[in-house]
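Trainee:
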Amino acid sequence: MPSREATAYFGAGPAPLPTAVLEKASQVLLNYNDSGIGITEISHRSGDAAKILEDTKSALAQLLDIPTQEGPDGYQIIFLQGGGSGEFSASVYHMTALWVEKRRQQIVKELGEEDETKVFEALRKAVDDEFKLDYLVTGSWSLKASQEAARLVGANHVNVAVDSRKANNGKFGTIPSESSWSLTSNPAHSGMVYFCDNETVDGVEFPAFPNIDSDKYQVIADMSSNFLSRKVDVKRYSAIFGGAQKNVGTTGITIAIIKNSLLTQLAKPDLLRKLNLPVGPVVLDWPTIAKNNSLYNTLPIFDVWIAGQVMQSLISKASTSGPKIATQQTESEHKASLLYGILDKYPVYHVVPDKTVRSKMNICFRIGSEEDRDDKEKKFLAGANDRLLLGCKGHRSVGGCRISNYNAVSVEKFVGEHLDESELGLADRSHVILGHTPKLDQQRERRCCECHHVNNIMAAVARRLDAKPRSTSRRNATTALLAPRDQGSTLVVSSHRSEAVKGFITRNGSNITKGDVQLRLASLPPPRGQTSYKLSISTSPSAPALRLKQIAEVRTLINSSLDVVDATTWTGDKRDANFISGQLTLLHENIRDAKAVLKADPAASEADKTWASDPLDDKIFDPPPPPNLSFHLSISDAALLLHVRTLEPASSTGSSTPLGGGGPSFTGFGLRDRLAHALGAGPRPPAHDEAEDVFTYRGAQVRVKEKVRVESQDPSLISAMAKLAALEHTVELGRRALDVVMTKSDESNSSAMANLYTEFLPNIKTLTVTTVLDTPRNDTTALSLSSDRTKLILEHNNRTHDVTLPARISGQGPQNLQLPNTGESQCANRIPAEPFFGEEEPIALWSATYLNSQTRVHCKHCNALVSSDKIRDWKNLPSEAWAEMMDLWHCHKPDEPDHGHEDAPAKKGYAAGNKLRAQAGVGLVDVMSFLLSEGDCTVEGRSLKDNDDIHQVNCKKCDTILGYRDPQTEGIRLQKPYLALSSQKNGALRSYDAAHWFSCYLHQAIETQGVRKFVFPTLPHEIWVFSTNLAYSSLECPEPKQAMKVLFKAREGGQDVETLRAGNLLIETLTLSPSLEELFYRVLEQENAKLPESLQILMGWQVAVLPVLYGSDGIQA
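Letter by letter, the sequence shown follows residues 1 to 1117 of the UniProt record's numbering.
1. Throw me the rounded Cβ distance for the Asn405 and Ile363 pair, which I believe falls under 8 Å.
2. With distances taken between CB atoms, is the gap from Val501 to Val644 smaller than 7 Å?
3. For Pro1040 versus Thr790, is the C-beta distance shorter than 7 Å?
4. Consult DSSP for Val927 and reduce its assignment to one of helix, strand or coil.
5. Among Leu272, Leu989, His951, Asp993, which has the Cα closest to the Cα of Leu974?
6. Do Thr490 and Val277 count as a contact pair if the criterion is CB distance below 7 Å?
7. Just confirm the distance between the C-beta atoms of Lys1049 and Gln1102, as a whole number of angstroms; I'd bet it's less than 8 Å.
8. What is the rounded straight-line gap between the Cα of Ala483 and the Cα of Gly36?
9. Output the distance between the C-alpha atoms of Gly11 and Val554, rounded to the nearest integer angstrom.
10. Please report how far the alpha carbon of Tyr9 lies from the alpha carbon of Tyr978, in whole angstroms.
11. Does Phe836 pass the burial test, meaning 16 or more other C-beta atoms within 10 Å, or should it be called exposed?
12. Could you tell me whether the stretch 221–229 touches the stretch 372–388, using the rule of 3 or more Cβ pairs below 8 Å?
13. Name the DSSP beta bridge partners of Tyr992, please?
14. Given a threshold of 16 other Cβ atoms within 10 Å of its Cβ, counted over all protein chains shown, does Lys379 qualify as buried or as exposed?
15. Measure from the alpha carbon of Asn821 to the alpha carbon of each residue in Arg777, Pro842, Ile843, then state which is nearest.
16. Once the 5 residues before and after Arg872 are set aside, which same chain residues still bring their CB inside 6 Å of it?
17. Straight-line CA distance for Thr696 to Ile620?
18. Are Ser630 and Ala600 touching if we call contact CB-CB under 7 Å?
19. Among the candidates Ser933, Val927, Asp926, whose CA atom is the shortest distance from the CA of Arg917?
20. Compute the beta-carbon to beta-carbon distance between Ile306 and Val21, rounded to the nearest angstrom, for a pair I have assumed lies under 8 Å.
21. So the alpha helix (DSSP H) Ala1089 belongs to, where does it begin and stop?
22. Could you tell me the boundaries of the alpha helix (DSSP H) in which Pro269 lies?
23. So, for Ile764: in the same chain, excluding its five sequence neighbours on each side, which residues have a beta-carbon less than 8 Å away from its beta-carbon?
24. Rounded to whole angstroms, what's the CA-CA distance from Glu331 to Glu370? Just pull it up for me.
25. With contact counted as at least three CB pairs below 8 Å, one residue from each stretch, are the stretch 75–85 and the stretch 335–352 in contact?
26. Could you tell me which residues DSSP pairs with Gly242 in its beta bridges?
27. Indicate the three-state DSSP secondary structure (helix, strand or coil) for Arg124 in the structure shown.
28. Could I get the ranges of all uninterrupted alpha helix (DSSP H) runs contained in the stretch 31–66, with 4 residues as the minimum, in chain order?
29. On the three-state DSSP scale, how would you describe Ser510?
30. When you compare only the Cα positions, how much space is there between Leu738 and Tyr1032?
31. From the DSSP secondary-structure annotation, give me the bridge partner or partners of His1021.
32. To test your reading of the DSSP string, which unbroken alpha helix (DSSP H) runs of 4 or more residues are found completely within the stretch 701–787?
33. For Val137, which residues does DSSP report across the bridge?
34. Assign Asp895 to one of three DSSP states: helix, strand, or coil.
35. For residue 1119 and Val1105, what's the separation of their Cα atoms in angstroms?
36. Here's a check: name, in chain order, each residue in its chain whose Cβ is nearer than 8 Å to the Cβ of Thr800, leaving out the five neighbours to either side.
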């Protein structure tokens, strides 16, 4: 094993540390400051930790001469986490809030008044017309920073003042003259000027402070890779940040130097939201971190200590006069000049960046000419590794070689040994020694280029999988995409329209780790004295695991995909197009198969058919279940599917018959029940699709007496499905790009994607089938009904898709449907059909009927408890229907305490218009909210944040909006779309997605208002509920769902609400909180995007289909 002294490491980071610092660190890891405990074990709020923080800040202030006095011209030194990439976002969040508040104050001053509406409108216009963030893009990291800014605030607010690629043939490697920069002309309109002082990937460094007037512009600099390598005039910057892992210490902390004037007078989050500007997470909030002395969250004190020790080592070798960092600057410049001197000496080496902007930290170069470059660089890197000169490979995005010259790196070994041309043979005659690679023919060159493009696509695939080659930890992170977040996914398993099955289970990865299910089945008598049969998952360590084999199968497929990504992206021959094509095909098949496993059709799924051949071990449950009960879990359409079956011997006549020879007896419908049924009395055996089949179960021939199916949506599986769909699309792009170059015909691409969308309108009894092919119709295309006419089947490019129809089609046998015309890829069929959904009323979600004293209210986002055991009774508020309101008013006037109906409010609630007051211990319920007294909302679950317009209620744990404080009712209105409910009995959380809430709200609005067109005060759109009753299915939603069709469009000419309503008596105004109205519009846009493109617009209106729950369906609490 080589010693530390024999090894030289030149990696780009994390970088080497001074050996003396590491030796001291090994001591304090065991015993810090004679305390008897290691430094990683001390509290971050202890006296020792506080001293480490102050000593490190003091050392940094000495090195860079940082003015740390109080007042606007002083600076704060803070420590954060998240690296430089985290500060890409933090700088945008912060400087945006700073600009908005300054502009708001200026507008108030200009208007001479504080009319909130006028100020806000003027501010909104200023943001739209003026606000810019300036970026100097000189390399990969500043490019990423500008892209993050565009992602957060929109590209229209990001001004790339210079992109050095435009001056260097599309590649980074120079910094154009400042005279060519296009900074925002009015400094008052610029939120900041952002630049990266040293580009690690591209070897470009600013020689000095850019020619920017720092008195007019706020200058922010990323100095991650040259921090503490040279003198910096801190007073010219508004903020400087850098990750510690290059020159300062270990990975884990980011150091930021922030001017005090930036830490005050920031726009409030509510104002930013109203302006559609982002609000950052609190852990990236500079004022919060500064106010808490960098200890808002747990700071890695050991990493701070390391940084402090490195800084002390720099101070100890500094000269007694002048800036403390000057000595290190001289040393860095000397080492860099040695390296560049050797590289410039020999023509075989080509330094990548322009000589005027060469980095002193990251020396990037190529070897040889284009024809023999790969071969020479491989020999170079192999020779370096043989001599224990490690980390010389260039960044994977640009290739080549790179020597990183950080403070603790010694380059003498490299200069004296590795660059000796007589030893390595890399001088002018290198083509003779290393061999000559002939120039590729044009076709080969073209394929090579396309394969490189495919490799870039595969890199994107690797990023989506969160995988890097040969990295076990990354692979584990990837397979964790199927694992639930936090402590697991607790899912409700309750049968619809009955109490047959009721309970919950907890899934961790592929294992069910906890669960209690109550069964009320006619064929499963409960134990004596109980009303139901209880199944509980055993918590004993020795109990076998209840494993979902489909998820395990998906994990295996994802691992196989990672192996393919490794081979394709990193070890494949870029010149072998056939190799790349084969790997892409294999990757696509793995991803497609994983997606198919999660989307499994329960009717055809092999996993669903194993209930009899591979029954669960009885020891999974405590106590074991009866022998005539089958409990089977599987996955279908990214949901958990539970089948509970009771069994009887196939030859049973009703008597008790042993199971499997001498085992316990079956129980349930016996001879007496069958005779009673034959005579027209007694229970009727439940009908199901397996009633006539015979199965072999635990060695005995059995029939299924009773069968119950329960489906529970699993958010983490839905997320996994979405990721796999995105991966499938990305790989498909790579395959097509390569096929173009390899001149493969369209027919050879068997993975063309298609879409089916079916919609049934009961009022006209017509089923519309929209077919969208990804490639034009060809000889493989067919569209037909299944033999039982319940499914629509599409065959195209040797692949088959099917969906279940949302209506009943008469007739028998298969039937072919119209296809797109030759050369086209889209068509529509209209078929007469009959409904099979009943005519039930839409349910009122979470009405008081289903709530009781056991109900608990949680934040949907983080599960924090918002209201616990203080609500004794729940009451429905009346709707806004005039008759219902007046009836309640006359019978229950609040100003007449002796009217003789004191108990009536317990039955009907209070109307919104007659001094409605929140009542302690009572939860008042309307269609979109709960009204609770302030004392009934637990402190741990809420915090009140007042702004100009609304008294907002946020979750104290995660800061998610939950509702608002209503001064008129003296209570808290919690908005249902942001909540989850649980019962004290089992603790399982229950919630709906936003689309269900808004369909429920619109149904209620139609019923009470008598119209179908609506406007909202803060939404610039009209809403038209075009149809309240339809059913649909699609490839994304293969099982039929009932829904409503909602049309929406911008108000013509930007009319205000009153003007619009004045011209149309059939339009009513609906009012939700601003956050809910914004969420409603997002839901409409999301549902619109799910439709085939040809169906997204109807008569000039955008279309959204919102799912609706009918009857007693859905989760009630």
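Ideal placement from N, C-alpha and C gives every residue a C-beta, glycine not left out.
Mentor: Checking against the coordinates, here is how it stands:
1. Start at 1 with the first residue of the sequence shown, and residue 405 comes out as number 405. Start at 1 with the first residue of the sequence shown, and residue 363 comes out as number 363. Contact holds; Cβ gap of about 6 Å.
2. Numbered from its first residue, the sequence shown carries residue 501 at position 501. Numbered from its first residue, the sequence shown carries residue 644 at position 644. Result yes, Cβ atoms of Val501 and Val644 sit closer than 7 Å.
3. The residue you call residue 1040 lines up with position 1040 of the sequence shown. The residue you call residue 790 lines up with position 790 of the sequence shown. Contact: no.
4. Indexing the sequence shown from 1 puts residue 927 at position 927. Reduced to three states, the DSSP call for Val927 is coil.
5. Locating residue 974 in the sequence shown gives position 974, counting from the first residue. Ranking the options by Cα distance to Leu974, first place goes to His951.
6. As a first step, residue 277 is located in the sequence shown; it is residue number 277 there, counting from the start. As a first step, residue 490 is located in the sequence shown; it is residue number 490 there, counting from the start. Reading off the sequence, residue 277 comes out as Leu, not Val. No, the Cβ-Cβ distance between Leu277 and Thr490 is not below 7 Å.
7. Here residue 1049 is taken as the residue at index 1049 of the sequence shown, counted from 1. Here residue 1102 is taken as the residue at index 1102 of the sequence shown, counted from 1. Rounded, the Cβ-Cβ distance is 6 Å, consistent with contact.
8. Taking the first residue of the sequence shown as 1, we reach residue 483 at position 483. Taking the first residue of the sequence shown as 1, we reach residue 36 at position 36. With a pLDDT of only 35 at Ala483, under the threshold of 50, the placement of this residue in the model should not be trusted; the figure read from the coordinates follows. In a straight line, the C-alpha of Ala483 is about 39 Å away from that of Gly36.
9. Here residue 11 refers to the residue found at position 11 when the sequence shown is read from its first residue. Here residue 554 refers to the residue found at position 554 when the sequence shown is read from its first residue. About 36 Å.
10. Here the question's residue 9 lines up with position 9 in the sequence shown. Here the question's residue 978 lines up with position 978 in the sequence shown. Cα-Cα distance, rounded: 52 Å.
11. Within the sequence shown, numbered from 1, the residue matching residue 836 stands at position 836. Looking at its Cβ environment, which holds fewer than 16 other Cβ atoms inside 10 Å, Phe836 is exposed.
12. no
13. Here residue 992 is taken as the residue at index 992 of the sequence shown, counted from 1. For Tyr992, which the question treats as bridged, DSSP gives no partner whatsoever.
14. For the purposes of this step, residue 379 is taken as residue 379 along the sequence shown, with counting starting at 1. Lys379 is buried by the Cβ-count criterion.
15. The sequence position of residue 821 within the sequence shown is 821, counting from 1. Nearest option by C-alpha distance: Arg777.
16. As a working mapping, residue 872 is identified with position 872 in the sequence shown. Within the same chain, Arg872 has close Cβ partners Ser853, Gly921.
17. Translated into positions along the sequence shown, residue 696 becomes position 696. Translated into positions along the sequence shown, residue 620 becomes position 620. Distance between the alpha carbons of Thr696 and Ile620: 21 Å.
18. Here residue 630 is taken as the residue at index 630 of the sequence shown, counted from 1. Here residue 600 is taken as the residue at index 600 of the sequence shown, counted from 1. It is not a contact, given that the beta carbons lie outside the stated cut-off.
19. One-based indexing of the sequence shown puts residue 917 at position 917. Check the Cα spacing between Arg917 and each of Ser933, Val927, Asp926: the tightest is with Ser933.
20. Counted from its first residue, the sequence shown places residue 306 at position 306. Counted from its first residue, the sequence shown places residue 21 at position 21. Confirmed, Cβ separation roughly 7 Å.
21. Counting from 1 along the sequence shown, the entry for residue 1089 is found at position 1089. Per DSSP, Ala1089 belongs to the alpha helix (DSSP H) from 1074–1090.
22. To locate residue 269, count along the sequence shown from 1; it is residue 269. Taken as a continuous stretch (DSSP letters only), the alpha helix (DSSP H) holding Pro269 covers 269–274.
23. Here residue 764 refers to the residue found at position 764 when the sequence shown is read from its first residue. Around Ile764: no qualifying Cβ.
24. Counting from one through the sequence shown, the residue named residue 331 turns up at place 331. Counting from one through the sequence shown, the residue named residue 370 turns up at place 370. Computed Cα separation, rounded: 34 Å.
25. no
26. The count along the sequence shown starts at 1 and reaches residue 242 at position 242. DSSP, once it has assigned bridges, lists Ile255 as partnering Gly242.
27. The count along the sequence shown starts at 1 and reaches residue 124 at position 124. When DSSP states are grouped into helix, strand and coil, Arg124 belongs to the helix group.
28. 47–64
29. As a first step, residue 510 must be located in the sequence shown, where it is residue number 510. Coil.
30. Mapped onto the sequence shown, residue 738 falls at position 738. Mapped onto the sequence shown, residue 1032 falls at position 1032. Straight-line Cα distance between these residues: approximately 37 Å.
31. Numbered from its first residue, the sequence shown carries residue 1021 at position 1021. According to DSSP, His1021 bridges with Ala1050.
32. Counting only runs of 4 or more, we get 715–741.
33. Stepping through the sequence shown from its first residue, residue 137 is reached at position 137. Beta-bridge pairing links Val137 to Asp163.
34. The residue you call residue 895 lines up with position 895 of the sequence shown. Because Asp895 carries a pLDDT of 47, less than 50, the predicted location of this residue cannot be relied on, and no value is offered for it.
35. With the chain represented from 1 up to 1117, any question about residue 1119 goes unanswered, as that position is not in the structure.
36. As a working mapping, residue 800 is identified with position 800 in the sequence shown. Taken in chain order, the residues that qualify are Ile793, Leu794.
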